[in-house]
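Chemist: First, the structure itself, so that you have it in front of you.
2 protein chains.
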Amino acid sequence: MSELVAGIDLGGTKIQTVILRESEIVGRSRVATPQTGADAVLAAMAESVKSAMHFGNEPLDGLASIGVGSPGVIQGTTVASSPNVPGFEVGPIQLGDTLSKSLGGVPVKLDNDVRVAVLGEWRQGAGRPYKDFLGVFVGTGVGGGLVLDGELREGLGAAGEIGHTLVRDGGRRCGCGQLGHLEAYAGRRSMEETARRWKAKGRRTKLFDVMKERGRDRATSGVIAKALAKHDPVVVQLVDQAVWALGIALANAQNLLDLEAIVIGGGLGDRLGRPFVDRVAEAMNPRLHVPERPPKLLSTELGDLGGAVGAAVLGGA
Amino acid sequence: MSELVAGIDLGGTKIQTVILRESEIVGRSRVATPQTGADAVLAAMAESVKSAMHFGNEPLDGLASIGVGSPGVIQGTTVASSPNVPGFEVGPIQLGDTLSKSLGGVPVKLDNDVRVAVLGEWRQGAGRPYKDFLGVFVGTGVGGGLVLDGELREGLGAAGEIGHTLVRDGGRRCGCGQLGHLEAYAGRRSMEETARRWKAKGRRTKLFDVMKERGRDRATSGVIAKALAKHDPVVVQLVDQAVWALGIALANAQNLLDLEAIVIGGGLGDRLGRPFVDRVAEAMNPRLHVPERPPKLLSTELGDLGGAVGAAVLGGA
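For the record, the sequence lines run as chains P and W.
In the working numbering, each residue's number is its place in the first sequence (first place is 1) plus 69.
In the working numbering, each residue's number is its place in the second sequence (first place is 1) plus 69.
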């Protein structure tokens, strides 16, 4: 029987874990991220692995290694800092060592969550046929990662920041403080903030009613999708702008890199799905320098399991 | 004695040839590109090699191979088409075979002129210390080429088109027909056309007087540099816009790729030199996602010999 590898996708709100035997998911678990500090987060990660090992009728046995994707700046098996994980704001957090000790010394590998998600789609998802592609994750923010000539691009550690591509000089303010970035138009957090601003100026929108109906305190991807389905004019306009901004940023990336494919995922990208991806392709294609040979635009195949599966691949699956 | 390799940089107005022994230039020649058709161009290329072999006091002997950089779409040793070389507009032109026959069967390698110029700066110029850099050639148009992880990036054959990065949606028309590209602001041809348009609308400029004084029928890089030195307000504004557009396009490329260095050359880039490169760095740096670690911004070392030296490197030097 072949070895088991755990993959953990650590996020600010949830911890998603899978157990892979070769490329098959044989166990999984999903828990809320404790909001009480780093020790609680690390303990919850270990518990999530144990829970995933008890996923089926019989407990699994023989965990060989673990891979972890974490937001923030990663150095070896340490998180230098991660503003979005409770207790990880000021590091370093000895994630690898602590997790390994909690689980009987199993070796742990760690990388950035976006890079790990690209790895997942590349090895086990929509990116399998390609040696050159860009993964774009449209979620709370907009992240990206590149596979070039069959290698996951690292640069000096910060490659793939397509969310901070300028699409309109002097445009909407981005979470990073600069103006006119892709993330300011296509990121979920910025879309919600913009809707609040427009509402305060008197524009009508059902977005916040949908939020309440669903018992949410923020405009999740599901809330945005629902308001879009209701043709809420504010949300229609925000999604139009997201499509426009993605069209520019992806065309610029394509003209520079001449990729085979672009995979669009992330919470909002996955939720809006194929119709959204097709609209982005329509916005991108007229801007290509070689329009007769556009890159394939694809949805993710792994959806929100991509990070955890990619973490398992990192771990050796 | 080690072998000699010829490198030919074929352009729409000139043919620049060098002979390299190891990395030393031991011969060179520069002739106008015949405007009478493909056969005349191919004959002039062969003559330019013979002339370069007679550069010094004694003729050189033992040409081992030839490399050529040509504008346009390249397939193997054939130019599929090249709108800027007389007679090459509709190909295919059997450049490699014809040139080889004219020079006693010496093997010929061929690639795109911009890629070859990047190769030159990488192997023998400003790019030597780096395994990750972008070469940007600001000339009649704006071309670019990428070295990533120690490999010249090809993509599917069209990588590096940074000139067609969108910097202002709906902005100035580019030579390619689209609006708001880098080349529309930083390319020499577009700068000249813009100056003519502004003059027709009543703006005062000395640009065309400088052209006449220098006996030129177009705003060459030298003409633009001279008008800039005279603080001509139209040229000052055009160069300001070129700096602004380069700042955006290079910041976007850097945020996506996390490069070690960017080398700025081309006719206009080389002519305006270090002060221009420093201004581009100032425009780019505030737009970087990791501003504390900007890429090194460099001028070319080989200047307008970069294409010919790179062609010789392609040929095996």
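No residue lacks a Cβ here, since even glycine has one placed at the ideal position from N, Cα and C.
What are the complete alpha helix (DSSP H) segments, minimum 4 residues, inside the segment 110-183 of chain W?
Modeler: 164-171
Chemist: According to a CB-to-CB cut-off of less than 8 Å, which residues of the segment 229-255 of chain W neighbour chain P?
Modeler: G229, E230, I231, H233, T234, L235, V236, R237, D238, C245, Q247
Chemist: Would you call the CB atoms of Q85 of chain P and A381 of chain P closer than 8 Å?
Modeler: no
Chemist: How big is the Cα-Cα spacing for K281 of chain W and T263 of chain W?
Modeler: In a straight line, the C-alpha of K281 of chain W is about 18 Å away from that of T263 of chain W.
Chemist: For V359 of chain P, would you say it is in contact with chain W, using Cβ-to-Cβ distances shorter than 8 Å as the test?
Modeler: Between V359 of chain P and chain W, the shortest Cβ-Cβ separation is below 8 Å.
Chemist: Quick one: what's T274 of chain P bridged to in DSSP?
Modeler: None, per the DSSP bridge assignment.
Chemist: Output yes or no for whether 8 Å exceeds the beta carbon distance between G232 of chain P and G256 of chain P.
Modeler: yes
Chemist: Using only CA atoms, which one of W:M260, W:L111, W:G138 lies nearest to S169 of chain W?
Modeler: W:L111
Chemist: For the putative contact between A195 of chain P and L367 of chain P, defined by C-beta atoms under 8 Å, what is the C-beta separation to the nearest angstrom?
Modeler: That pair is a contact at about 4 Å.
Chemist: State buried or exposed for G138 of chain P, treating a residue as buried only when at least 16 other CB atoms are found within 10 Å of its CB.
Modeler: buried
Chemist: Relative to the alpha-carbon of G165 of chain P, which residue among P:T274, P:G210, P:I135, P:D373 has its alpha-carbon at the smallest distance?
Modeler: Measuring C-alpha to C-alpha distances from G165 of chain P to each of P:T274, P:G210, P:I135, P:D373 identifies P:I135 as the nearest.
Chemist: Measuring CB to CB, does G334 of chain P end up less than 8 Å from G375 of chain P?
Modeler: yes
Chemist: When the cut-off is 8 Å and only beta carbons count, does G224 of chain P lie next to chain C?
Modeler: In the displayed structure, chain C is absent; the protein chains listed are P and W.
Chemist: R222 of chain W: which of P:T274, P:L328, P:W313, P:D347 sits nearest, CA to CA?
Modeler: P:L328
Chemist: With 8 Å as the limit, tell me which residues of the segment 276-304 of chain W have their beta carbon closer than that to any beta carbon of chain P; keep them in chain order.
Modeler: none
Chemist: List the whole-angstrom C-beta distance separating V187 of chain P from G208 of chain P, where the pair is believed to meet the contact cut-off of C-beta under 8 Å.
Modeler: Not confirmed; about 14 Å, so no contact.
Chemist: Applying a beta-carbon distance threshold of less than 7 Å, which residues of chain W neighbour N321 of chain P?
Modeler: For N321 of chain P, the neighbours in chain W by C-beta distance under 7 Å run, in chain order, T234, L235, N321.
Chemist: Taking just the CA atoms, how far does G284 of chain W sit from K31 of chain W?
Modeler: With chain W represented from 70 up to 386, any question about residue 31 of chain W goes unanswered, as that position is not in the structure.
Chemist: Are the CB atoms of A115 of chain P and T102 of chain P nearer to each other than 8 Å?
Modeler: no
Chemist: In its own chain, which residues sit with a C-beta less than 7 Å from the C-beta of N324 of chain P, not counting the 5 before and 5 after it?
Modeler: Excluding residues within five positions, the ones whose Cβ falls inside 7 Å are L357, H358.
Chemist: Please list, in chain order, all residues of the same chain as G106 of chain W whose beta carbon is under 7 Å from its beta carbon, the five residues on each side excluded.
Modeler: P155, G156
Chemist: For the segment 179-212 of chain W, enumerate the residues whose C-beta is nearer than 9 Å to any C-beta of chain P, in chain order.
Modeler: D201, L203
Chemist: Residues in the same chain with beta-carbon distance under 7 Å from A253 of chain P, minus the five sequence neighbours each way, listed in chain order, please.
Modeler: Excluding residues within five positions, the ones whose Cβ falls inside 7 Å are G240, R241, R242, C243, S259.
Chemist: What separation, rounded to the nearest whole angstrom, lies between the Cα atoms of N126 of chain W and G96 of chain W?
Modeler: 11 Å
Chemist: Using 8 Å as the Cβ pair cut-off and three pairs as the minimum, do the segment 343-363 of chain W and the segment 267-281 of chain W touch?
Modeler: With the cut-off at 8 Å, the segment 343-363 of chain W and the segment 267-281 of chain W do not touch.
Chemist: Should V183 of chain W be labelled buried (16 or more other beta-carbon atoms within 10 Å of its own) or exposed?
Modeler: Burial call: buried.
Chemist: Going residue by residue through the segment 330-354 of chain W, where are the continuous beta strand (DSSP E) segments of at least 3 residues, counting only ones entirely within it?
Modeler: 330-334
Chemist: Name, please, each residue of chain P whose Cβ falls closer than 9 Å to the Cβ of I317 of chain W.
Modeler: L235, D238
Chemist: According to the neighbour-count rule (16 or more other Cβ atoms, all chains shown, within 10 Å of its Cβ), is K270 of chain W buried or exposed?
Modeler: Exposed: under 16 other Cβ atoms inside 10 Å.
Chemist: Cβ atoms of L235 of chain P and A320 of chain W: under 8 Å apart, would you say?
Modeler: yes
Chemist: Using CA coordinates, which residue listed in W:N354, W:L297, W:G174 is at the minimum distance from T314 of chain W?
Modeler: The question names Thr, but residue 314 of chain W is Ala in the sequence shown. Closest option to A314 of chain W, Cα to Cα, is W:N354.
Chemist: Tell me, which residues are paired with Q85 of chain W by DSSP?
Modeler: W:D78, W:R99
Chemist: Pull up the distance between the alpha-carbon of G189 of chain P and that of I331 of chain P, whole angstroms please.
Modeler: 14 Å
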